[in-house]
Every structure is written in structure tokens, then in C-alpha cells.
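Protein chains in written order, with our numbering: chain P, 1 to 269; chain E, 270 to 552. Notes follow the structure.
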Amino acid sequence: MSKNGPVALAYHMLFVTFMMAPILVVCWVAFTPEGFLSFPIDRWSLRWFYAIARYPEFISAFWRSVWLGALSSAIAVTVSVPAALAIARYRFPGREAMTALFMSPLMIPHVVLGIAFLRFFTEIGLGGTFTGLVLSHIVIVLPFALRLTLASAVGLDRAIEHAAVSLGATEWVVLKRITLPLVLPGLASGWALAFINSFDEVTMTVFIAAPGTETLPVRMFLYIQDNIDPLVTSVSACVIVITVAALILLDRAYGLERLLVGKGATHGR
Amino acid sequence: MRAAPYLMSLPALVLFGAVVVVPLVMTVLLSFHDWGQYKGIEPVFILKNWEEVLGDSYFHEMFGRTFRIAFFITLLTAIFGAPEAYILNRMKSPWRGIFLLVILGPLLISVVARTLGWALLFGGNSGLVNKALSGLGLISAPLPFMFTETGVIVALTHVLMPYMVLAVWASLQRLDPQVENAAVALGAGPFTVLRRIVLPQVMPGILSGAVIVFALAASAFATPAIIGGRRLKVASTLAYDEFLNTLNWPLGAAVAVLLLLALVAIVWSANRLVERRYAQVFS
Numbered sequence: 001m002s003k004n005g006p007v008a009l010a011y012h013m014l015f016v017t018f019m020m021a022p023i024l025v026v027c028w029v030a031f032t033p034e035g036f037l038s039f040p041i042d043r044w045s046l047r048w049f050y051a052i053a054r055y056p057e058f059i060s061a062f063w064r065s066v067w068l069g070a071l072s073s074a075i076a077v078t079v080s081v082p083a084a085l086a087i088a089r090y091r092f093p094g095r096e097a098m099t100a101l102f103m104s105p106l107m108i109p110h111v112v113l114g115i116a117f118l119r120f121f122t123e124i125g126l127g128g129t130f131t132g133l134v135l136s137h138i139v140i141v142l143p144f145a146l147r148l149t150l151a152s153a154v155g156l157d158r159a160i161e162h163a164a165v166s167l168g169a170t171e172w173v174v175l176k177r178i179t180l181p182l183v184l185p186g187l188a189s190g191w192a193l194a195f196i197n198s199f200d201e202v203t204m205t206v207f208i209a210a211p212g213t214e215t216l217p218v219r220m221f222l223y224i225q226d227n228i229d230p231l232v233t234s235v236s237a238c239v240i241v242i243t244v245a246a247l248i249l250l251d252r253a254y255g256l257e258r259l260l261v262g263k264g265a266t267h268g269r
Numbered sequence: 270m271r272a273a274p275y276l277m278s279l280p281a282l283v284l285f286g287a288v289v290v291v292p293l294v295m296t297v298l299l300s301f302h303d304w305g306q307y308k309g310i311e312p313v314f315i316l317k318n319w320e321e322v323l324g325d326s327y328f329h330e331m332f333g334r335t336f337r338i339a340f341f342i343t344l345l346t347a348i349f350g351a352p353e354a355y356i357l358n359r360m361k362s363p364w365r366g367i368f369l370l371v372i373l374g375p376l377l378i379s380v381v382a383r384t385l386g387w388a389l390l391f392g393g394n395s396g397l398v399n400k401a402l403s404g405l406g407l408i409s410a411p412l413p414f415m416f417t418e419t420g421v422i423v424a425l426t427h428v429l430m431p432y433m434v435l436a437v438w439a440s441l442q443r444l445d446p447q448v449e450n451a452a453v454a455l456g457a458g459p460f461t462v463l464r465r466i467v468l469p470q471v472m473p474g475i476l477s478g479a480v481i482v483f484a485l486a487a488s489a490f491a492t493p494a495i496i497g498g499r500r501l502k503v504a505s506t507l508a509y510d511e512f513l514n515t516l517n518w519p520l521g522a523a524v525a526v527l528l529l530l531a532l533v534a535i536v537w538s539a540n541r542l543v544e545r546r547y548a549q550v551f552s
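In C-alpha cells, the structure reads:
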């Protein structure tokens with residue numbers, strides 16, 4: 001394969017600078033010692049990181065986001081495993097339509113989903129509740145969970161299951177000892193991708209979260225709407241560091257390229 | 270046995286029926302209801318909201334802005350993202366993985382945090398972007414970015430860029446490098462190879478990336494809300510205001526349903542066009 005020329009590399013560096021600049025600037029400004037936003041900063045201080053501890057709404061929103069992401073991703077994966085096996089193994093009327101339905105939260109604008117959930121949950125008495133948040137988040141992260149469980153269900157070698165059956169294993173034993181362990185890596189990465197998407201979701205959640213059930217991105221968004229001060233930059237810097245750490249772990253464990261592009265795009269690794 | 274796949278999909282089907290289909294139908298119905306300052310929502314069937322959304326010049330301007338912004342963002346991500354994906358694809362092993370992580374990683378970083386970064390970079394007349402531009406001698410007076418369409422376009426281009434790089438990257442993986450080598454061996458210059466060999470083959474990738482970016486740009490919420498502020502409304506921020514400030518839910522529902530319908534129509538016809546034009550590539 002031919003190499004990139006100097007012009008291409010210069011373009012590449014500019015592009016990387018563009019992609020990194022807003023992320024780095026948030027982390028940088030977060031270390032300001034001043035009581036107001038100043039940039040560039042000349043002295044470094046952890047003042048605004050300590051300040052987070054005095055704002056319990058950020059802390060509680062963080063833990064709510066973690067639990068919400070963990071719970072809704074776990075349920076989404078659990079629900080998508082049998083559906084993925086059905087889609088991967090059977091040809092049945094309505095198969096395409098069903099797959100399209102399960103993938104539809106990717107296509108429907110989140111603002112439309114937010115409005116639909118707000119109306120629906122208010123009508124059935126779940127408005128502003130954690131249960132409502134969980135239900136809505138299951139739906140929006142299910143496509144990610146399904147895509148990865150489907151990829152591992154399609155890649156499954158059925159001869160192994162047939163071998164187990166011919167050796168006298170019951171259907172339940174095959175499922176428990178053969179099928180589930182084989183799709184487990186797909187399930188784990190599906191859960192992780194679902195969790196990250198739930199943890200970052202703001203557009204839909206801002207419609208249905210009430211004071212007391214606000215997630216971290218919603219809390220940050222509403223805070224920025226009022227004013228931008230160093231506190232929200234230090235909270236954002238923490239979120240960025242946590243996400244980057246999760247990203248690197250996920251890349252080591254599964255391969256980011258495979259996670260985002262889909263199966264079969266792993267050459268060159 | 271024939272019922273097996275349906276039984277296995279039943280939990281997901283019930284969930285989606287109850288939590289996706291029913292709320293969406295309710296939203297469509299809501300857009301036909303009446304609303305008044307004192308009487309609230311009245312469950313009647315009228316066309317008032319639709320007449321207002323389709324007839325009022327305020328809504329025309331706002332939808333025009335939404336799709337204009339989305340168009341420029343799509344264009345910018347295609348122009349700048351496609352070459353980057355190509356350069357990335359030609360990199361050697363460790364660098365390729367590292368820079369792929371650097372460029373696709375922001376996709377998973379909170380959009381609120383990324384937009385905050387742009388708000389800090391734009392930051393009034395003394396913002397870093399303006400300092401850099403005037404330092405390079407490109408501008409004489411500071412450009413306004415906050416609360417302008419330009420600012421929203423720059424920030425959303427950054428937010429959605431990974432989707433374009435991802436789509437073009439995926440189409441580059443299917444490209445046979447031997448075809449490029451054959452063209453070079455037959456005497457084609459690098460520019461001819463790019464134009465006649467690479468570009469036609471990655472075009473479906475660019476187009477499918479463009480469809481994704483356009484749909485996400487036209488329905489983006491957090492970035493236009495923070496950078497555009499209250500003065501610069503797009504469809505999604507207007508629907509948000511109708512729902513949570515004005516409390517005119519039926520009108521907000523009409524705006525949202527119209528946005529959904531417009532996007533479905535645009536994405537569907539774009540996909541049809543791509544499939545027909547590039548049928549031979551896909552089959």
C-alpha cells in the first residue's frame with residue numbers, strides 16, 4: 001500500500017487538531033484558579049474539581065446515570081438475545097419488518113421520541129419517574145445491543161450445537177453450556193456500547209426527566225443553558241476522562257473499529 | 270415450531286409495541302388536538318396546528334433554517350471527512366489504530382461536553398477561534414460565532430464528523446488495493462487514480478454517510494440549543510420550547526411530527542436514489 005505524502009499528513013494533523021480542540025479546551029479550562037471563565041489559563045488549580053463535591057445535584061445525577069445505563073442496558077441485552085437468535089436462525093414472515101422496528105430508534109429523531117415518551121408517560125402516570133427513564137432508555141439502546149448480539153449469533157457455528165445434541169444434551173443444556181457462552185463476548189460489548197449511549201443521551205431524556213430524576217447530561221445541559229462557569233467545565237472534564245478510559249478499555253477488549261463498523265472490518269489489526 | 274421465532278422475539282415486540290408504537294401514535298393524535306392558555310389540551314380533532322405549522326411564515330423560516338444548516342453540515346463533513354478516511358486507511362498499523370480511536374472516539378463522548386468546548390472556543394469576541402484567525406491574518410474583525418448559524422454549523426460538523434469518516438472508512442475496507450496498483454502500473458497519475466478509481470468506489474459510502482449526517486443534523490438538539498441560544502431556533506429546539514415553556518403540546522407535537530415526516534421522506538428517497546444509482550456496487 002502506498003504511503004501518505006506530506007500534504008496528506010499536514011491535512012491529517014489539522015483534522016486531528018479540529019477533532020481534539022473542543023475536548024482538550026474543556027479539560028484545560030477546568031484547571032483555572034479564577035472564579036470566572038478565563039482562557040488561556042496561566043496558573044493551575046484543582047479548585048473547581050473540589051467544588052463539584054459541594055454541588056450534590058451533580059453527584060446524584062452521576063449515580064442516577066450510572067444505574068440507569070447499567071439497568072437499561074442489561075434489560076436491553078436480555079431482551080435482544082432471544083430476538084437476535086430468532087432473526088439469525090429462522091426465516092419467517094415479518095422478519096424484515098421486525099428487524100426494522102427494533103432498529104427504528106436509530107432512525108427516529110430523539111426529540112420526537114422525547115415528545116412521544118413525555119406524552120405517553122404523563123398519560124399512564126409514569127411522568128418524571130425513574131421507571132419511565134428506564135423504559136425509554138431500554139428502547140433507545142436496544143438497537144446497539146441487538147446489533148452486536150446479532151453479529152455474534154450469526155457468526156455462531158451451529159455444528160457445535162448439533163454435536164452437543166448428538167451427544168445427548170437437552171435443549172436447555174445446549175443453550176446454557178454452548179450457545180450462551182459462545183455469544184457472551186458479543187453480549188458484553190453490546191452491553192458496553194448500550195451503556196455508553198444511555199450515559200450520553202440528553203435530547204430524549206431532557207423531555208422526560210423531572211427535578212429529582214435528572215441524569216448527568218441533562219443536569220449539565222440545563223446548567224449550561226443558565227450560565228457557563230468553571231464548575232460545569234470541571235464536571236465535563238470528569239465525564240470526558242471517564243468516557244476516554246472506558247473507550248480505551250473497550251478498544252483493548254473488543255476493538256473499537258469492530259464495535260462501530262461492525263463485523264468483518266478487522267483487517268490490519 | 271413455526272411459532273418459535275415469534276415467541277423468542279415476543280418480549281422485545283411487546284416492549285416496542287407498548288413503548289414505541291403507542292407513544293408515536295399518541296403524538297400524531299396529539300397534533301390534531303386543540304389547546305388554549307386556560308383550557309389546556311382539548312381532545313378534539315382539528316387541523317388548527319397543522320394549518321399553523323404549514324401556513325405560518327415563522328415556521329417556514331425555522332424549518333428552512335433547520336434544513337439549510339443540515340445541508341451545509343452534510344457538505345462540510347463529506348468534503349473534509351472523506352479525504353481523512355482515505356488518509357487514515359493508508360496509514361501503517363499502530364498509527365492507524367491510534368488515530369481511528371482519536372477520530373471516532375469523540376462519537377462516544379458526551380455531546381454536551383463537546384458543545385461546551387465549542388462555546389469556550391467561540392466565547393464572544395475574545396474567543397480562541399477568533400484570536401487564531403486574526404493571528405493568521407485571515408480576518409480583520411472578530412467573527413460572531415455564538416448565537417449564529419455559522420457557529421452551529423461548525424460545532425455540529427465536529428459532532429457529526431465521525432459518522433462520515435466511519436461510513437467512508439467502511440466502504441474503503443471493501444476496496445481492492447490491487448485495482449489502484451493496476452491503474453498506477455498502467456500509467457495513471459495519483460490524481461487520476463483518486464478521481465477515476467477511488468472516488469467512484471467510495472461514493473456509495475460518502476452518500477450513505479451523508480444520509481446519516483443530514484438526518485442527525487436536522488434533528489440535533491443540544492448543540493443548536495447551546496450554541497444557537499434562544500434567538501436562533503431550529504425545529505427541535507422550537508418543539509422543546511412549545512413543550513416545556515409555552516406548554517402548547519399539540520403545536521409542539523405538530524412540529525415534531527412534521528420534522529419526522531420530512532426526514533423520513535428525505536432519507537427514503539435518498540436511499541432509493543443511492544440504491545438505484547449504485548445497484549451494481551451493492552449486488
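C-beta atoms are modelled at their ideal positions from N, C-alpha and C, and glycine is treated no differently.
Selection of the stretch 354–379 of chain E by Cβ proximity to chain P, strictly under 9 angstroms: Residues passing the 9 angstroms Cβ filter: Tyr355, Ile356, Leu357, Asn358, Arg359, Met360, Lys361, Ser362, Arg365, Gly366, Phe368, Leu369, Leu370, Val371, Ile372, Leu373, Gly374, Pro375, Leu376, Leu377, Ile378 and Ser379.
Inter-residue spacing [alpha-carbon to alpha-carbon] between P/Ala209 and P/Asp251: Whole-angstrom Cα-Cα distance: 32 angstroms.
Residue range of the unbroken beta strand (DSSP E) whose run includes E/Ile310: Gly309 to Glu311
Contacting residues, own chain, Cβ-Cβ under 7 angstroms from E/Pro431 (five flanking each side not counted): Ile372, Leu373, Pro375 and Leu376
Continuous alpha helix (DSSP H) stretch holding E/Trp304: start and end: Taken as a continuous stretch (DSSP letters only), E/Trp304 belongs to no alpha helix (DSSP H), being part of the beta strand (DSSP E) at Asp303 to Gly305.
Segment contact, 8 angstroms Cβ cut-off, at least three pairs: the stretch 517–535 of chain E with the stretch 290–306 of chain E: yes
CB contact below 8 angstroms: P/Ala154 versus chain E: Looking at the sequence provided, one finds Val at residue 154 of chain P rather than Ala. False, the Cβ-Cβ gap to chain E never drops below 8 angstroms.
Whether P/Pro217 touches E/Ser379 by CB criterion (8 angstroms): yes
Under 7 angstroms by beta carbon: chain E residues contacting P/Glu257: Near P/Glu257 (Cβ distances below 7 angstroms), the residues of chain E are Leu369.
DSSP state of P/Gly125 mapped onto helix, strand, coil: coil
8 angstroms contact criterion, which E/Arg500 and E/Phe416 should meet: CB distance rounded: 5 angstroms
Neighbourhood of E/His329 by C-beta distance below 6 angstroms, restricted to the same chain and skipping five residues each side: Taking E/His329 as the centre and dropping the five residues before and after it, the same chain places no C-beta closer than 6 angstroms to its C-beta.
Spatial distance of P/Glu214 from P/Leu113 (CA atoms): 17 angstroms
E/Ala457 - containing alpha helix (DSSP H), residue span: No alpha helix (DSSP H) contains E/Ala457, which DSSP labels as neither H nor E.
Beta-carbon spacing of P/Val26, E/Leu389 below 8 angstroms: Result yes, Cβ atoms of P/Val26 and E/Leu389 sit closer than 8 angstroms.
Environment of E/Met360 [buried if 16+ CB atoms lie within 10 Å]: buried
Inter-residue CB distance, E/Pro446 and P/Phe117 (contact presumed, cutoff 8 angstroms): With 8 angstroms as the limit, E/Pro446 and P/Phe117 do not qualify as a contact, their Cβ atoms being about 47 angstroms apart.
Helix, strand or coil at E/Pro280 according to DSSP, with G and I counted as helix: helix
is_contact[P/Phe62, chain E] using C-beta, thresh 8 angstroms: no
Other residues of its chain near E/Phe414: CB distance less than 6 angstroms, five sequence neighbours each side excluded: Phe391 and Gly420
Backbone CA spacing between P/Val77 and P/Phe144 [nearest angstrom]: 9 angstroms
Amino acids of chain E, ordered along the chain, whose beta-carbon sits closer than 7 angstroms to that of P/Ser104: Val289
Cβ of E/Thr296 within 8 angstroms of any chain P Cβ: Closer than 8 angstroms to the CB of E/Thr296 there is at least one CB belonging to chain P.
Beta carbon proximity, P/Leu150 to chain E, threshold 8 angstroms: no
P/Ala53 versus E/Leu485 - alpha carbon distance: 35 angstroms
Test item: CB-CB of P/Pro82 and E/Met472 under 8 angstroms: no
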